[in-house]
Amino acid sequence: MSPSKHALEPSGAAWRVELWRALALLLALKGAFLLVDPNLRLFMGDSASYLHAALSDWDPPDRSFVYPMLVEWSAVATQSALSLVLLQTLFGVIGALLAYWMLRRAAGVDARIALFAVAVIAVEPAQLFYERMLMAEAAGLLSLLALVAASVAYVQRGRLRWALVMAVCGVLAVAFRMSLLPVVFGLALLVPMLRSWHAAAEQDRGRRVLAALRAGAHAAVILACVLGAHRLYQGLYGLRFDTEPTHMLASGQMRLGLVAPLVKPEHLQRVGLPAELLQTVGPTLQDHRMREAQMWQPDGLWKKLEAELDYRDAQQAARKIAVRALQAEPQALLRMGFATLMDYFDDGLAVARLRDDYGSAPPPLGTLEALASQLRYDARGLAEHPGVVGQMFLGSRWWLTLALFALAPAAVACLWLTRKDPRRRAAACVIGFTALGLVASQLLFSHIVSFRYLHPMPVFLVLCFALTLPPRNARETH
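Quick note on numbering: the sequence shown equals residues 133 to 610 in the numbering used here.
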């Protein structure tokens, strides 16, 4: 082994020293921000739903039912809001360590670049903010990073033991953040192909039949693990909610809102609803900005369906209506997605959405009382006292917008510049395609401007950028 290769691939004691150094830096950064701003933040009404679920036997039908368990095991069990903040800060530390492993150990990025990258990830405004938010974002991001790290390990070495890890991490990511489902399934389909390409470039030269057989067998095992894990989760979800196996009870409501501008009278008639129902909807159906209103407002499309049918029948009807509306105009989903992306440059709308994601809406009296009695936390006037982390988040509009629009070009550059680098290629492929999946998912399935939805993107932007930097020895020769 050459000295330069040994420098790129620390092992044994040297690797442990690097990990301890990275951990010490992360703990110092996170600890400093905890000292100046340890406040739990709230977003209504998601946070109220999660808190109520943690304090009762009720499960939210339109949000994660797993996240309230974390709230119960941390904040409720200790009667301290700080416990949840500490737990989610720990998630941030572990996620940053996974990022360091992918950059340094898997891709051989220079130690100083990798350390700087994870430091940026650790103090990134959205990351710090959602570690303090009574929301599932921090847990969802950690699950996604664990999935990506396991996928990198598989693509690099081709060991099928990582298939089960990928399956479990993928289910956890979806259980916390349903919006990650397209990315999780996309990775499951893509990872076997990435491994085949990576192996073909290194160890399968001249053995195409063997390579094809191995690739097919690996793809079958990985897809079986992933699909089996999701079917198991859906079955458990169905038992918990006394419904058919599914990822979310309110999926019909969500899909209907996403495609609401495409719904026509004949779509309602085909499920036995009167066509005149659309005339009673308050928010303008054709306006792509009103899609959230169609989900939640009392005079929105969903509530009109629910008034005609019971809840479960309305969900089933909504799913059927959404499918037929999308089949009639599939290209319209892309058109609405581009329109929503452009809304990030609308000052009035974007600033209002940022303040809404910050938690400008005050908690209701019942939530304030529950926080005070069960978590010993006084949340009165919380929105008027943003603290250091809140101020950073409120000032992050253009940073998060940049992450949204720069991530796809950065991912393409990462994929292209590392295509001939056998050391970085595996990590770059998985991270780059995950980044592209995040952007595509945002484009197709995000119905509103929401900076909360952009939370994972800065992490992958930093990772892509670090992977595109040339190795240290290459820089020194120029």
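Quick reminder that beta carbons are idealized off the backbone N, C-alpha and C, glycines included.
Quick check on the burial criterion: 16 or more other C-beta atoms within 10 angstroms. Buried or exposed for residue i?
i	result
Leu554	As written in the sequence, residue 554 is Pro, which differs from the Leu given in the question. So Pro554 counts as exposed.
Val562	buried
His517	exposed
Gln401	exposed
Ser505	exposed
Ser188	exposed
Phe477	exposed
Pro135	With a pLDDT of 39 at Pro135, under the threshold of 50, the predicted position of this residue should be treated as unreliable, though the coordinate-derived value follows. By the neighbour-count rule (16 or more Cβ atoms within 10 Å), Pro135 is not buried but exposed.
Leu497	exposed
Ser319	It is Leu, not Ser, that sits at residue 319 in the sequence shown. Counting Cβ neighbours within 10 Å, Leu319 comes out buried, since at least 16 surround it.
Val571	buried
His590	Checking the sequence shown, residue 590 turns out to be Pro, not His. Buried, since its Cβ has 16 or more Cβ neighbours within 10 Å.
Gln459	exposed
Arg153	exposed
Asp169	buried
Give the DSSP-derived three-state secondary structure of residue i in the structure shown.
i	result
Trp548	helix
Met176	coil
Ala146	helix
Met310	helix
Met267	coil
Thr416	coil
Gln211	coil
Glu256	coil
Trp531	helix
Arg153	helix
Leu595	helix
Trp329	helix
Phe565	helix
Phe477	helix
Pro393	helix
Trp434	helix
Arg237	helix
Ala493	coil
Ala511	coil
Pro200	helix
Asp488	helix
Glu608	Note that Glu608 scores 44 on pLDDT, short of 50, meaning its location in the model is unreliable and no value can be drawn from it.
Leu575	helix
Met427	helix
Asp445	helix
Arg293	helix
Pro602	coil
Val303	helix
Out of the options, point me to the one whose CA is closest to residue i's CA.
i	options	result
Leu547	Arg557, Ala258 and Thr210	Arg557
Ala450	Pro397, Gly384 and Ala425	Gly384
Ala351	Trp530, Met325, Leu364 and His362	Met325
Ala238	Leu214, Ser179 and Ala560	Ala560
Arg309	Ser206, Gln448, Pro588 and Leu151	Pro588
Gln411	Lys436, Arg387 and Tyr585	Lys436
Trp329	Leu161, Gly469, Leu503 and Ala344	Ala344
Leu599	Ala349, Leu514, Ala231 and Val217	Ala231
Leu601	Pro193, Leu235 and Asp169	Leu235
Ala278	Asp374, Pro541 and Trp294	Trp294
Leu292	Gln259, Ala332 and Ala349	Ala349
Leu466	Phe577, Met524, Arg512 and Val203	Phe577
Taking Cβ positions only, does residue i come closer than 9 Å to chain D?
i	result
Leu214	No chain D appears in the structure shown, which is made up of a single protein chain.
Round the Cβ separation of residue i and residue j to the nearest angstrom and send it over; I've been treating them as touching at under 8 Å.
i	j	result
Pro393	Met474	Contact doesn't hold; Cβ gap of about 16 Å is too wide.
Glu376	Ala243	Going by Cβ atoms, the distance from Glu376 to Ala243 rounds to 51 Å, so no, they are not a contact pair.
Leu549	Leu586	No, Leu549 and Leu586 are not in contact; Cβ-Cβ is about 24 Å, not under 8 Å.
Val287	Val323	6 Å
Ala545	Leu568	Contact flag wrong, Cβ pair sits at about 12 Å.
Discussion item. I'd like to know if the stretch 593-601 and the stretch 249-259 are in contact, where contact means that at least 3 CB-CB pairs between them fall below 8 Å.
Written reply: Taking 8 Å as the limit for Cβ pairs, the verdict is that the stretch 249-259 does touch the stretch 593-601.
Discussion item. Whether or not the stretch 168-182 and the stretch 266-277 are in contact is what I'm after, with contact meaning three or more pairs of Cβ atoms, one per stretch, closer than 8 Å; do they touch?
Written reply: Yes, the stretch 266-277 is in contact with the stretch 168-182.
Worksheet item: Any chance the stretch 215-228 sits against the stretch 273-293, with 3 or more Cβ pairs inside 8 Å?
Response: Cβ pair count under 8 Å is three or more, so yes.
Worksheet item: Are there three or more Cβ pairs, one per stretch, closer than 8 Å when the stretch 202-214 is compared with the stretch 389-405?
Response: Segments in contact, no.
Worksheet item: Contact between the stretch 523-537 and the stretch 299-315: three or more CB pairs below 8 Å?
Response: Contact annotation: the stretch 523-537 does not touch the stretch 299-315, with fewer than three C-beta pairs closer than 8 Å.
Item to complete: Count the CB pairs spanning the stretch 352-364 and the stretch 423-431 that are closer than 8 Å, and state whether there are at least three.
Response: Touching, no, given that fewer than three Cβ pairs across the two stretches are closer than 8 Å.
Worksheet item: Taking three-plus beta-carbon pairs below 8 Å as touching, is the stretch 413-421 in contact with the stretch 155-167?
Response: No contact exists between the stretch 413-421 and the stretch 155-167.
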